[in-house]
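So the sequence lines, in the order shown, correspond to chains F and L.
Sequence positions in the first sequence follow the working numbering and run 1 to 265.
Sequence positions in the second sequence follow the working numbering and run 1 to 108.
Even for Gly, the Cβ is constructed at its ideal location relative to N, Cα and C.
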Amino acid sequence: MNPRHEHTSAIEDHLDELLVTAAGRPRAVRHLLIEAEGHLRETAAALAASGVPVAEAEAEAVARFGPTGAASRAPLWCWLTPGMRRRITLGVLAVGGVAGAFVGVAGALGAVVRAIWGAGAIATPFPSGSYTAADCSRWMRLAPSAKDCVSAMTIDHANDFVAMCLLAGVLGLVALGIRAMLQHRWNSRAVRWALPPAAEYVAGSVAAVLAAVGTSAMGLDSILVTHGQGVGQPFVFAAAASLAAIALGALARRAARPQPWRVAD
Amino acid sequence: MRESDVRGHLDGLVLAALAVGAAHGYEIIQRIRDRSVGAFDLAEGSVYPVLHRLEASGALTARWEAVNGRRRKVYEITQPGRTQLTSERTRWRDLRTSMDRALGGATA
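This is the structure:
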């Protein structure tokens, strides 16, 4: 086709726009383009046959077809380009992985607090009357050195807290590992530029700051309400959230730095 | 008539256009325009998301045909599509009756 004609064709321009704005699976987009082109050319041909000049017929066909958005409505997830979907997946794995890893750090800090100040510093017992004698027997079996049921329950709760946090830490590291693997596979400009640079890290960093503030407030509240019982738990979370905010902020800063394009892209 | 006036009834319009026989997108729009005596001023491209959704739901089937060296997708209504058309007609009649009553001045 003559490049000049291609440049000035209203139908070609509209199809170009549809190609870059239509979202969905590649095959669905290709099929939509075939249908749209057939429709536009059929309309233009009918108008031209009735005596309308070709350029005007094409412009009228495009006007009747309507904006490209009308032809490519799709569910929200389909609106996202494949690059965006990959970038969001990488972002969720990165932020989720960092969050999980720092919950693991909270578990490690909790273990230190437990070792220094005892289980009561990071766990609170259930209110009296809310547990049975069988529960007491189970807790006493798990902590035979405890002097009574409440102490055994508190030790059990503290152990659970540390174990669950450490498990979250392991899952966070697994998520970061999966993310590293996928990033290697999906490394392209289309993925990197699908969203603003560092968007996921900035969002994660803000969420971590809010979590740090929220858990600190909970810690201060529990000092006033429980006079120190279990107060270590919100504070180790606050410390871990603060560290996560610093780490995510550093990652955001690194990701926002301009990076040279690779020829392989 | 504005597109927003008929947006909620596009499925019914497309199914009704296909109830008389298989057709491709351009032809479907022509049928809707002819049947409405030109009353519906639709963006013609808006028919494609409806066709693709109805195809995905099983109300339509589609096949590719080559005409004058150009491929085009021809849609055909299925039995579930005919059932949906019946319920779309009922839904429209109920709406029309209610609107007539609400707006007043109608015999319904």
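Nearest residue (CA-CA) to residue i, options the options
i        : options                                   : result
F:Ala240 : F:Glu42, F:Ile116 and F:Ser205            : F:Ser205
F:Gln233 : F:Pro197, F:Glu35, F:Leu171 and F:Ala111  : F:Ala111
L:Gly25  : F:His31, F:Val209, F:Met84 and F:Ser151   : F:His31
F:Glu56  : F:Gly69, F:Thr68, F:Arg41 and F:Pro67     : F:Arg41
F:Gly107 : F:Leu182, F:Asp16 and F:Gly172            : F:Gly172
F:Gly177 : F:Val92, F:Leu47 and F:Ala194             : F:Val92
F:Phe235 : F:Ala207, F:His14, F:Val103 and F:Leu33   : F:Val103
F:Arg87  : F:Phe126, F:Ala199 and F:Leu248           : F:Ala199
F:Leu195 : F:Ala255, F:Val105, F:Trp117 and F:Ala44  : F:Ala255
F:Phe126 : F:Ile116, F:Gly100 and F:Thr154           : F:Thr154
F:Thr132 : F:Val150, F:Ala180, F:Ser145 and F:Phe237 : F:Val150
F:Ala121 : F:Thr21, F:Ala36 and F:Leu109             : F:Leu109
L:Arg35  : L:Arg91, L:Asp100 and L:Gly12             : L:Gly12
Span separating the alpha-carbon of residue i from that of residue j
i        : j        : result
L:Gly69  : F:Gly38  : 11 Å
F:Ser72  : L:Lys73  : 16 Å
L:Arg71  : L:Arg63  : 10 Å
F:Leu182 : L:Asp94  : 53 Å
F:Ser188 : F:Ala208 : 28 Å
F:Leu47  : L:Ile29  : 15 Å
F:Ser9   : F:Val54  : 10 Å
F:His157 : L:Gly8   : 55 Å
L:His52  : F:Ala99  : 40 Å
F:Phe161 : F:Ala123 : 8 Å
F:Ala115 : F:Asn159 : 11 Å
F:Gly24  : F:Gly83  : 11 Å
F:Arg253 : L:Ala56  : 44 Å
F:Thr215 : F:Val225 : 15 Å
F:Trp117 : F:Gln229 : 11 Å
Backbone secondary structure at residue i - three-state DSSP
i        : result
F:Tyr131 : coil
L:Val14  : helix
L:Arg7   : helix
F:Arg257 : coil
F:Ile122 : coil
F:Ala108 : helix
L:Thr78  : coil
L:Leu60  : strand
L:Val67  : strand
L:Ala23  : strand
F:Ala99  : helix
F:Met1   : For F:Met1, the predicted model reports a pLDDT of 46, less than 50, meaning its position is unreliable; a value from the coordinates is still stated below. Here F:Met1 sits in coil by DSSP.
Proximity test, residue i beta-carbon vs the ligand FAD heavy atom, cut-off 6 Å
i        : result
F:Leu173 : Here there are no bound small molecules, and the ligand FAD is not part of this structure.
Counting only Cβ-Cβ distances shorter than 7 Å, please list the residues of the segment 37-58 of chain L near chain F, keeping chain order.
Residues of the segment 37-58 of chain L whose Cβ lies closer than 7 Å to any Cβ of chain F, in chain order: Ala43, Glu44, Gly45, Ser46, Tyr48 and Pro49.
So within the segment 124-202 of chain F, which uninterrupted alpha helix (DSSP H) runs reach at least 4 residues, ignoring any that extend past its ends?
Within the segment 124-202 of chain F, the complete alpha helix (DSSP H) segments at least 4 residues long are 133-142, 149-185 and 189-192, listed from N- to C-terminus.
Tell me the start and end of each unbroken alpha helix (DSSP H) in the segment 21-59 of chain F that is at least 4 residues and wholly inside, in chain order.
Runs of the alpha helix (DSSP H) lying entirely within the segment 21-59 of chain F and spanning at least 4 residues, in chain order: 26-49.
Members of the segment 43-67 of chain F that neighbour chain L once the beta carbon cut-off is set at 8 Å:
Considering only beta carbons, the part of the segment 43-67 of chain F lying closer than 8 Å to chain L consists of Thr43, Arg64, Phe65, Gly66 and Pro67, in chain order.
Closer than 8 Å, Cβ to Cβ, to anything on chain F: give me those residues from the segment 59-79 of chain L, in chain order.
Along the segment 59-79 of chain L, the positions whose C-beta sits under 8 Å from a C-beta of chain F are Arg70, Arg71, Arg72 and Lys73, read in chain order.
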